[in-house]
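**Student:**
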Amino acid sequence: MATVFKKPHALKDLSLHYCPGCTHGIIHRLIAEVIDELEIEGTTIGVSPVGCAYNNYEYFNCDFVQAAHGRAPAVATGIKRVHPDNFVFTYQGDGDLAAIGTAEIVHAASRGEKITTVFVNNAIYGMTSGQMAPTTLLNQVTTTSPYGRKPEIHGFPVKVCELLSTLEGAVYVERTSVHDVKNINKTKAAIKKAFQVQKAQKGFSIVEVLSTCPTNWGINPVDSLKWLEQNMVPFYPLGNFKGKDLEV
Amino acid sequence: MSEKLLMKGNEVIAEAAIRAGCKHYFGYPITPQTEIAHYMAKKMPEINGTFVQAESEVAAINMVYGAAAAGARVLTSSSSPGISLKQEGISYIAGAELPAVIVNIVRCGPGLGGILPAQCDYFQAVKGGGHGDYKMVVLAPSSVQELYELTVKAFNISDRYRILTMIMGDGMLGQMMEAVEFKDEEEIYHDDKKWATTGTKMQRESNDITSIYIQPEVLERHNMKLQAKYRQIEQEEVLVETYNCENADIIVTAYGTIARIIKNVIKSAEKEGIKVGLIRPISLWPFPAAAFLQYAGTPKAFLSVELSAGQMVEDVRLAVNGKCPVHFYGRMGGMVPSQKEILNKIREILK
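So the sequence lines, in the order shown, correspond to chains V and C.
Reading the first sequence from the start, the letters are residues 53 to 300 in our numbering.
Reading the second sequence from the start, the letters are residues 15 to 365 in our numbering.
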């Protein structure tokens with residue numbers, strides 16, 4: 053009998069610690085599938101963030117370095133400068149990347165570091181129990197914006213892809229979502245392209261993946277996917293911001 | 015044949031690092047140590063190495079963390095306010111047991127303070143400026159020649175124990191030009207770094223570098239392992255110079271450039287019939303407590319002279335453990351004590 057579906061080799065055979073309905077697991081799998089397809093597991097070095105995915109190094113069969121909060125792009129810079137022929141990627145959430153790590157991501161991108169960032173945006177701090185993130189939507193209720201995010205008090209959400217695509221060193225910038233199968237497939241294609249951009253030594257590449265947090269949103273997993281589509285996608289438009297036609 | 019050159023202290027640190035096999039430097043400009051970065055920016059391309067001017071000290075130390083995790087010999091340098099910013103990364107490097115070398119050419123604080131020489135970061139360096147129960151090796155050279163030798167040694171210590179080693183100097187030493195004699199070849203401690211993240215090449219299990227251990231039993235075991243390593247370093251890596259201590263009336267202790275002033279004080283005091291000894295800690299951690307204990311019964315008093323409000327003196331008191339009075343004399347804000355001031359203090363103590 054032919055095997056038509058199996059666990060990617062790049063993922064270890066472990067159950068993930070994420071909450072029910074969380075989309076981190078899907079994104080992990082997509083990355084692992086891409087690593088398998090590009091046959092880069094033996095040369096890949098990942099960098100884990102601080103946040104819900106702090107220990108995702110445990111799930112992958114490739115080498116990993118766990119970084120301090122927000123510093124993954126700087127850590128990845130250090131690794132990549134030592135091993136320029138290896139494949140180096142960071143996996144970061146919105147608090148990690150767009151708040152405490154804003155300087156590191158902006159400058160890694162502006163230096164055109166030949167690394168790839170998978171940026172998981174679920175509009176909230178998950179691990180610390182649902183605080184307002186830089187990407188929290190206007191009027192969204194969180195534990196630190198209990199009356200909803202108000203622009204006059206909290207300012208506005210940060211659009212990371214739009215920001216980074218202004219930098220010359222960032223050569224591939226794309227935002228995708230994992231709220232349905234069609235978009236999951238698009239996310240995988242974008243991650244693959246971003247990885248290929250790095251393999252081709254073109255510069256910095258990033259895929260922002262809109263993701264859910266049923267636990268801290270207080271919405272069940274199925275409705276969370278709808279909430280993402282109805283609320284996040286209109287504010288964070290999906291698509292390629294840069295590098296769509298880049299030859300890889 | 016060895017090579018003798020006239021060089022600036024900061025440049026000697028950079029040259030020594032390269033001779034020790036360091037091909038990766040990450041830093042951020044700050045006075046009075048920026049010549050290290052200038053030197054690296056020029057030399058690294060010549061040896062196919064890396065120089066990155068980071069966006070901040072925070073980023074620089076995290077680049078060091080990444081490069082060290084990747085198995086490289088790596089250097090960063092800064093001065094006091096910049097070292098404060100690096101404390102987060104220092105703690106993570108300690109937790110993840112990565113070897114790296116960090117230079118602090120200390121300037122006077124607190125805050126932005128000034129750019130003149132000081133020793134006011136002793137506590138931060140030896141007691142742990144970052145969070146958690148950790149130590150780093152701290153070496154304090156007092157001449158440009160020693161800057162060279164101790165920088166090479168720092169890389170070897172770091173690799174041997176998987177620990178961060180700090181070279182702690184001050185602006186006087188960093189800016190000073192002196193003759194330095196380079197060896198033809200350095201003694202390099204070679205470690206295969208099987209733990210490093212280099213890519214599995216599909217030939218081994220994955221290597222993970224981390225400082226997080228959520229299970230308390232596991233984290234306690236990790237801490238006990240770190241502490242055992244620190245105890246071993248305390249046994250094996252103490253560096254100290256003792257001078258003129260036998261039958262001394264008073265033993266002065268000082269490190270770095272100040273110790274050089276003390277040697278002149280010793281000569282002046284001799285003319286008055288006062289025998290002054292010197293204990294110069296070269297490793298500030300591990301602290302040479304045994305040398306103090308050895309001479310604790312000899313002099314009428316100890317005197318710690320520092321460019322601070324009194325920091326190392328606390329370790330001297332702990333080492334002497336009440337067996338002899340311990341006095342302190344210090345200047346702050348970039349002021350450096352004269353021989354005369356120190357001699358006056360000695361006379362006052364012995365009166």
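Just so you know, even glycine gets a beta-carbon here, dropped at the ideal spot from N, CA and C.
The structure presented is a predicted model; accordingly, all values stated were derived computationally and were not measured.
Would you say Asn221/C faces chain V, with C-beta separation under 7 Å as the test?
**Tutor:** With 7 Å as the cut-off, Asn221/C counts as an interface residue toward chain V.
**Student:** For Tyr111/V, does the three-state DSSP call read helix, strand or coil?
**Tutor:** Of the three classes helix, strand and coil, the one that applies to Tyr111/V here is helix, per DSSP.
**Student:** Smallest Cα separation from Lys307/V: which of Val170/V, Lys251/V and Ala242/V?
**Tutor:** Outside the modelled stretch of chain V, which goes from 53 to 300, sits residue 307/V, for which no answer is possible.
**Student:** So that I know if they touch, is there some Cβ in chain C lying closer than 7 Å to that of His135/V?
**Tutor:** With 7 Å as the cut-off, His135/V counts as an interface residue toward chain C.
**Student:** Taking Cβ positions only, does Tyr79/C come closer than 7 Å to chain V?
**Tutor:** True, the Cβ-Cβ gap to chain V drops below 7 Å.
**Student:** Report buried or exposed for Lys202/V, applying the criterion of at least 16 other Cβ atoms within 10 angstroms of its Cβ.
**Tutor:** Under this definition Lys202/V is an exposed residue.
**Student:** I want to see whether chain C comes within less than 7 Å of Gln118/V, judged by CB atoms only; does it?
**Tutor:** Closer than 7 Å: yes.
**Student:** How would you call Met53/V, buried or exposed, if buried means at least 16 neighbouring beta carbons within 10 angstroms?
**Tutor:** Exposed.
**Student:** Between His231/V and Asn76/C, what straight-line distance do the alpha-carbon atoms span, to the nearest angstrom?
**Tutor:** Cα to Cα, the separation comes out at about 34 Å.
**Student:** Determine the direct distance from the alpha carbon of Asp206/C to that of Asn191/V, and round the result to whole angstroms.
**Tutor:** C-alpha separation (whole angstroms): 55 Å.
**Student:** Identify which residue in Thr55/V, Gly73/V and Ile83/V has its Cα closest to the Cα of Lys64/V.
**Tutor:** Answer by Cα proximity: Ile83/V.
**Student:** Name the DSSP bridge partner or partners of Ala193/C?
**Tutor:** Per DSSP, Leu20/C.
**Student:** Rounding to the nearest angstrom, what Cα-Cα distance links Glu201/C and Leu153/C in this structure?
**Tutor:** Computed Cα separation, rounded: 18 Å.
**Student:** Tyr257/C and Leu292/C - do their beta-carbons sit closer together than 7 Å?
**Tutor:** Result yes, Cβ atoms of Leu292/C and Tyr257/C sit closer than 7 Å.
**Student:** Give the residues of chain V in contact with Ile103/C, contact being defined as C-beta atoms less than 8 Å apart.
**Tutor:** A small fix is needed here, since residue 103/C is Gly in this sequence, not Ile. Within 8 Å Cβ-Cβ: Ala120 and Arg123.
**Student:** Starting from the beta carbon of Cys327/V, find every residue of chain C whose beta carbon is closer than 8 Å, and list them in chain order.
**Tutor:** Lying outside 53 to 300, the shown extent of chain V, residue 327/V is not represented and no answer is given.
**Student:** Does the Cβ of Leu20/C have 16 or more other Cβ atoms within 10 Å, making it buried, or fewer, making it exposed?
**Tutor:** Result: exposed.
**Student:** What is the DSSP secondary structure of Thr239/V, counted as helix, strand or coil?
**Tutor:** Helix.
**Student:** Beta-carbon of Met216/C versus every beta-carbon of chain V: anything under 7 Å?
**Tutor:** Yes, contact with chain V.
**Student:** Ordered along the chain, which non-local residues of its own chain (more than five positions away) have a Cβ less than 7 Å from that of Leu357/C?
**Tutor:** Hits under 7 Å: Val279, Ser282 and Ala283.
**Student:** Taking only beta-carbon atoms, is Gly213/C less than 7 Å away from chain V?
**Tutor:** Closer than 7 Å to some Cβ of chain V, the Cβ of Gly213/C qualifies, so yes.
**Student:** Kindly list the residues whose CB is nearer than 6 Å to the CB of Cys71/V, restricted to its own chain and excluding five residues on each side of it in sequence; keep chain order.
**Tutor:** If we look at Cys71/V and ignore the five residues flanking it on each side, its Cβ neighbours are Thr267.
**Student:** Give the straight-line distance between the Cα atoms of Tyr53/C and Glu29/C, rounded to the nearest whole angstrom.
**Tutor:** Computed Cα separation, rounded: 8 Å.
**Student:** How would you label Asn237/V, buried or exposed, when you count the other beta carbons within 10 angstroms and need 16 or more for buried?
**Tutor:** Exposed, because fewer than 16 other Cβ atoms sit within 10 Å of the Cβ of Asn237/V.
**Student:** Since Gly80/C is in the beta strand (DSSP E), which residue starts that stretch and which ends it?
**Tutor:** Note, Gly80/C: premise wrong, no beta strand (DSSP E); alpha helix (DSSP H) at Glu71 to Ala83.
**Student:** Buried or exposed for Phe40/C, please, with buried defined as at least 16 other CB atoms from any protein chain shown within 10 angstroms of its CB.
**Tutor:** Phe40/C should be labelled buried.
**Student:** Looking at the C-beta of Gly143/V, does it have a partner C-beta in chain C at a distance below 7 Å?
**Tutor:** One detail in the question is off: residue 143/V reads as Tyr in this sequence, not Gly. By this cut-off, Tyr143/V is not an interface position.
**Student:** Mind pulling the chain V residues with CB within less than 9 Å of Val66/C?
**Tutor:** Ordered by position in chain V, the residues that pass the 9 Å Cβ test against Val66/C are Thr129, Gly130, Arg133 and Arg163.
**Student:** Can you pull the DSSP bridge partners for Phe116/V?
**Tutor:** In the DSSP output, where bridge partners are listed per residue, Phe116/V has Gly98/V and Asp222/C.
**Student:** Just to make sure I have the definition right: I need the residues of chain C whose C-beta is within less than 9 Å of the C-beta of Thr268/V. Which are they?
**Tutor:** A small fix is needed here, since residue 268/V is Asn in this sequence, not Thr. Correct list: empty, because the minimum Cβ distance to chain C is about 19 Å.
**Student:** Among Arg345/C, Thr312/C, Gly311/C and Ala304/C, which has the Cα closest to the Cα of Ser318/C?
**Tutor:** Taking only the C-alpha atoms, the option nearest Ser318/C is Arg345/C.
**Student:** Reducing DSSP to helix, strand and coil, say where Pro203/V ends up.
**Tutor:** It is helical.
**Student:** Give the DSSP bridge partners of His341/C, in chain order.
**Tutor:** Beta-bridge pairing links His341/C to Leu317/C.
**Student:** Which first and last residues belong to the alpha helix (DSSP H) in which Arg361/C is found?
**Tutor:** Counting along the chain, the alpha helix (DSSP H) containing Arg361/C begins and ends at Gln353 to Leu364.
**Student:** Judging by CA-CA distance, which residue of Leu189/V, Leu216/V and His206/V is the nearest neighbour of Trp269/V?
**Tutor:** Nearest option by C-alpha distance: Leu189/V.
**Student:** Below 7 Å on C-beta distance, what does Tyr106/C contact in chain V?
**Tutor:** Those within 7 Å of Tyr106/C in chain V are Ala120.
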